[in-house]
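If you're matching them up, the sequences are chains A and B in order. Take any residue in the first sequence, count from 1 to its spot, add 1: that is its number in the numbering used here. Take any residue in the second sequence, count from 1 to its spot, add 8: that is its number in the numbering used here. Idealized CB from N, CA, C, for every residue including glycine. Here the structure comes first, spelled out in C-alpha cells, and everything after it is commentary.
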Amino acid sequence: MHFASPRDAIAHHVGVVHQERNLIPRFSVAENIHLEQLGAHVLRPVDYAELNRQARRWLETLNLDVDPATPVSQLSVAKMQLVEIAKALSLQSKVLLLDEPTASLTSSETDTLFGILRQLRDSGASLVFVSHKLEEVQEICDRVTVLRDGANACESRPMEGLGRPELVRLMIGRSEGGGTWRKRDTSGNPPVLELRQVATALGHRDIDLTVRRGEIVGLYGLVGAGRTELAKSIMGQFPVTAGTVLIEAKPVRIGSVAEAIHQHRLGYVSEDRKGEGLILPHSVLGNAGVPIWRRLAGLFGSLSDGAVRRAVLPFIQKLEVKTPSLSQTVGNLSGGNQQKISVAKWLAAGVKLLIVDEPSVGIDIKTKAYLHDLLRELADAGTAILVITSDMPEMVALADRIMVMDAYRVRGEVANTGVYADVSQRIMNLIHRAEERREAEPA
Amino acid sequence: MTSHDAPIAAGPQGDSLERDQNTLRSSFFLTNEFGLILLIVLFTVGFGAAASGFLSPFNLFTLGRTAAVNIMIGLSMMVVIVTGGLNLAVGAIGVSAAMFCGYLIEGLGLPWPIALLGGLALGAALGFVNGWTVVRTGLHSFIITLATMSIFFGVMIFLTRAESYRALPPVFASFGKMKILAYFSPLLIVTLIAALALSWLYRRTVLGREMLAAGARPEAAELSGIRVGRVFILCHMLSGVLAGIAALMLVARNGAAIPAMAGQLGQDWLLPAFLGPVLGGTLLQGGKASVLGTCLGAFLVTMLTSGLLLLQLGEFWIQSFLGLLLLLAVLVDKARRTYLARRNLA
C-alpha cells in the first residue's frame, strides 16, 4: 500500500490528528469537521443544517458541549484539540493516527480522551498513538514501537511487562542517567527579576513573579495558558501595560528585545527552535555569536570572525556540540545539537536571567538529561533561570519553585519537593480550581 | 547526519578555521560565481569570433560603462533582496535622486559636489520611506514599493514638468567620456568601490551581519537582540543610495539629467535589477547575498545584450531573451537548492 497524497490516505480510511493545529480559525466547528467532504461536490450548495446536525453527533461522541456553528477561533486550545479528533472520527477512519494529542489537555480531559480511544479500539478501529510522554504510552497502549535515530529500536512489543526503565533504555540505548532533582535553598539570594502586578498587551493580568539569583523557577501551565507570551513580554517583544518590572531591584521599562539582551542581560531560548530560536540556513558560528556581535564590534562597527570564534568556541566545546566545524549550517545538525547551540548562545552572552521555553522539545533523552544538568550547574553558578515546560516530570526534575499559570494569570505557587505524585497533584489542583472559577464567572 | 557527528576539534583554534577555508577554496568550482565566470569567458570568445567589432576598444569601453551602471542597479536591488523583500522603486528613486541633483545645480546654483550628496540624500530619504512603511505596516515590500514607485515617479514628473536638466557642469559629461588605458570607463571604478564596500559590509561588520541574519529569519534575529525593523529600514535606505549612484552614473554618461532615462516609472531598470542578483546566487528568500555574483551576473547580462545587438538581433528579441534568462536562472537556482538540501540531509 502506498498513498499518493493525504487525500488518498483519507479515502482509504486513514485519519490523522496532527500535533500542530490543522483547523481553519475563521470556519465554524462543523465546517472544520467536514472540511474534507465540503469540496466533494463543487457546484452543489452546502447544506448547513445537515452539516451542523452531523457535526453535533461527533461532538456528542466526545462529550464536547459546543455549538457546531461556533467559529473555531473562539474555542479554547483544549476544545480545538477535541474538534480535531472529531474531524478525524468523522472520516470513519479504520486507522487513526494521533500525534501528541494530549499536549494541550488537562489530565481530566486526557482521561476522557483515553476513554473514547478505548471505546474506538473496542469497536474495531486501529489507533496509533504518537507521544513522548511515557506515562501516557504505558497507560493507553497495547503494543509499542520505539523509534531511535530514525530507526526502530523495537517493533510492536507488547506493553505488558514492559516497564519504564526498559522503555527508556530502548529510547536512548542505555539506562536513564543524569542528575536528579535536589533541594536548593536560594531564598536568601537577591532577586534578579521581579514582576509586580504586571499586565501586558497580550492579556496577562496581575502577574507577580520573582526569580532570584541562582534559582530555577518553573512556569507550568497547559498550552495556551500564556507562558510563552509572558516570557516574550518580559523580553520586551510585547509591551507591559501596567505594574512594575524590576531587574536587580531597579524598576525598568524594556522597550525592545535588543534592550533586554544588551542592557539587562536577559536571554530567551525559544520553544520554536526552527522558527524563532535559530537561523537555520546560517552557520554554527553565525548563530552562536549573534547576541554578542555588538559587544565585540571594533572601529566603524567592524567585526572579525576570529573575535566571534574566540568568544563562542569555549561554550560550543563545553556543551559538546557535535559539528564538523563552526561553519557547518545549523539546519543540518540534529535537534539536540541545535538546542545546545541555542543555549550556548546565551552562555556566551553571559546572561543574568535565562528563560528556557520547553527545553527538551524535539531532542533525545540523552541530551535532555545533559541539558538538565547544565541548567542546574548554571543556576549553581548564579544565573537566574525561568523554565517553561508542559512536561511535568521535567518540571519536577528541574524547578525549585513552580508558578502555575492558567488563562494569562498566575494561579498559585507550588514548592517543589521532588516527589512527582505530590507535586503534580498540587499543580493540577490549582489548574482545576482556576478552570472552575473561570467557567463560573462569564468572560 | 551521523557522519557529521564528530565532536569539534578541541585543539589549537587556528586548525579548524584553516580547514574551513580550504573546503571553501575547493568548493569554489561548484559555486554560481565560477559558473558565471565560465559563461563570461565562453561568450567573450564566442562574440569575439562571431560579432565583428565586439572586442574593439570602443565597444569594450561602452560595454564597461553600461555594465558599471547595470551592476550598480543590481546591487541596489540586492541589498533589499537580502531582507527577503524587493524594491520595485529602484528606478523611480534613482531618477528622482538624479533629477534632484540637477535641480540643486541648475535651480539653486549649488556646487556640483554638494548637489551630488543632495541627490544621494534624497535617494536615502525615499528608501527610508519605503523601509519605514514596509516595517510599520508589516505588508510585503512588493506592494509597498509598487505603490511608492508610482508616487515617487509621479511627483518627480509633476515637480520637473518632465523637463530635463541639460546645463550641467562639464565635469559630468567629461567623467562619462573619460577613458582609462583606452578601454575602461572610470564609472567602473565607482562600481568597484561600491562593490568592495558592500563586501566589507556583509563580511566584516556588525550591521552587515545583522542584515543577513534579520533577512534569513526575522523572528529569530529579533529574539537574539537584533532590531530587525531598524535594520530593514537601513537596507532600504542603502538601496535608495545605490539607486541614486546608478542614476548619477547615467547622468554622467548622458551629460544630462533626463526624467525618462529609466523609462516610464523607472521600469527599464527592473530586469537588470533582478537579473544581476538572481544570476549571482543571492537568495530571493533573503539571508544570503553574493556581491561578486551580482557583479558577474550583471556583467554577463550587459555583455549578452551588447553582443546580441552587434549580431543585429532586434531590441525586442533581446528583451524577451533576458526575460527567459531570468526565468531560467530562477529555475536553476531552485534545482540547485533542492539538490544541495537533499545531499546535506542524505
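When Cβ pairs closer than 8 Å are counted between the two stretches, the stretch 272-280 of chain A is seen not to touch the stretch 207-215 of chain B, the count staying below three. In the three-state scheme derived from DSSP, where H, G and I count as helix and E and B as strand, glutamine 264 of chain A is classed as coil. Its Cα nearest to that of proline 65 of chain B, the residue B:Tyr191 stands out among B:Tyr191, B:Gly146, B:Ala59. In this structure, A:Gly225 is the residue among A:Thr245, A:Phe316, A:Gly225, A:Leu376 with its C-alpha nearest to the C-alpha of leucine 76 of chain A. Around the C-beta of aspartate 186 of chain A, fewer than 16 other C-beta atoms lie within 10 Å, and the residue is accordingly described as exposed.
Within the stretch 254-272 of chain A, the residues whose Cβ lies closer than 7 Å to any Cβ of chain B are, in chain order, Ser257, Val258, Ala259, Ile262, His263, Tyr269, Ser271.
CA-CA distance, isoleucine 81 of chain B to valine 142 of chain B, rounds to 21 Å.
The C-alpha of arginine 296 of chain A is placed about 34 Å away from the C-alpha of isoleucine 197 of chain B. Considered as a whole, the stretch 141-204 of chain B harbours 149-168, 178-185 as its complete alpha helix (DSSP H) runs of no fewer than 4 residues, in chain order.
Taken through DSSP and simplified to helix, strand or coil, proline 252 of chain A comes out as strand. In the DSSP annotation of this structure, phenylalanine 130 of chain A is not part of any alpha helix (DSSP H); the continuous beta strand (DSSP E) holding it starts and ends at 127-131.
The continuous stretches of beta strand (DSSP E) do not include leucine 60 of chain A, which lies in the alpha helix (DSSP H) extending over residues 49-62.
By the Cβ neighbour-count rule, threonine 346 of chain B is exposed, with fewer than 16 other Cβ atoms within 10 Å of its own. Taking 8 Å as the upper bound for CB-CB distance, glycine 223 of chain B and threonine 39 of chain B are not in contact here, some 20 Å apart. If you ignore the 5 residues before and after asparagine 190 of chain A, its C-beta comes within less than 6 Å of the C-beta of Arg213, Arg214, Gly215, all in its own chain and listed in chain order.
Counting only Cβ-Cβ distances below 7 Å, alanine 224 of chain B has contacts in chain A at Ile280, Pro282, His283, in chain order. Rounded to the nearest angstrom, the Cβ distance from leucine 83 of chain B to leucine 250 of chain B is 5 Å, consistent with a contact under 8 Å. 8 Å or more divides the Cβ of phenylalanine 307 of chain B from the Cβ of leucine 316 of chain B. One finds Trp294, Arg295, Ala298, Gly302, Leu304 in chain A with Cβ atoms closer than 7 Å to the Cβ of valine 214 of chain B, taken in chain order.
With a minimum length of 4 residues, the unbroken runs of alpha helix (DSSP H) contained wholly in the stretch 184-265 of chain A fall at 228-235, 258-263. Residue pairing of alanine 385 of chain A in beta bridges, as defined by DSSP: A:Leu354. Excluding the 5 residues flanking it on each side, alanine 106 of chain B has same chain C-beta neighbours closer than 8 Å at Gly127, Gly252, Ala255, Leu256, Leu258, Val259, Ala265, Met269, in chain order. Approximately 7 Å separates the beta-carbon atoms of tryptophan 277 of chain B and glycine 102 of chain B; this is inside 8 Å, confirming the contact. Between proline 394 of chain A and tyrosine 371 of chain A, the C-beta spacing is not below 8 Å. One finds Arg225, Glu227, Ala228 in chain B with Cβ atoms closer than 9 Å to the Cβ of glycine 276 of chain A, taken in chain order. Annotation for cysteine 109 of chain B: the continuous alpha helix (DSSP H) segment containing it runs 98-114. Contact between glycine 284 of chain B and isoleucine 79 of chain B holds, since their C-beta atoms are separated by about 6 Å, short of 8 Å. For secondary structure counted as the alpha helix (DSSP H) over 4 or more consecutive residues, the stretch 206-236 of chain B holds these complete runs in sequence order: 214-224, 226-231.
Residue nearest to isoleucine 208 of chain A within the set A:Ala398, A:Gly244, A:Ile255, A:Gly164 is A:Gly244 (criterion: CA-CA distance). For the pair of segments examined, the stretch 228-244 of chain A was found not to touch the stretch 314-330 of chain A: the number of CB pairs separated by less than 8 Å stays below three.
Under the three-state reduction of DSSP output, tyrosine 269 of chain A falls in the strand class. Counting the other CB atoms within 10 Å of its CB gives glutamate 378 of chain A a total below 16, which places it among the exposed residues. At a C-beta separation below 9 Å, glycine 295 of chain B has these neighbours in chain A: Ile280, Pro282, His283. In this structure, threonine 390 of chain A lies near glutamate 359 of chain A, with their beta-carbon atoms less than 8 Å apart. Excluding sequence positions up to five before and after glycine 351 of chain A, its CB lies within less than 8 Å of the CB of Arg266, all in the same chain and listed in chain order. Using beta-carbon distances, valine 291 of chain A counts as an interface residue toward chain B, with a partner under 8 Å.
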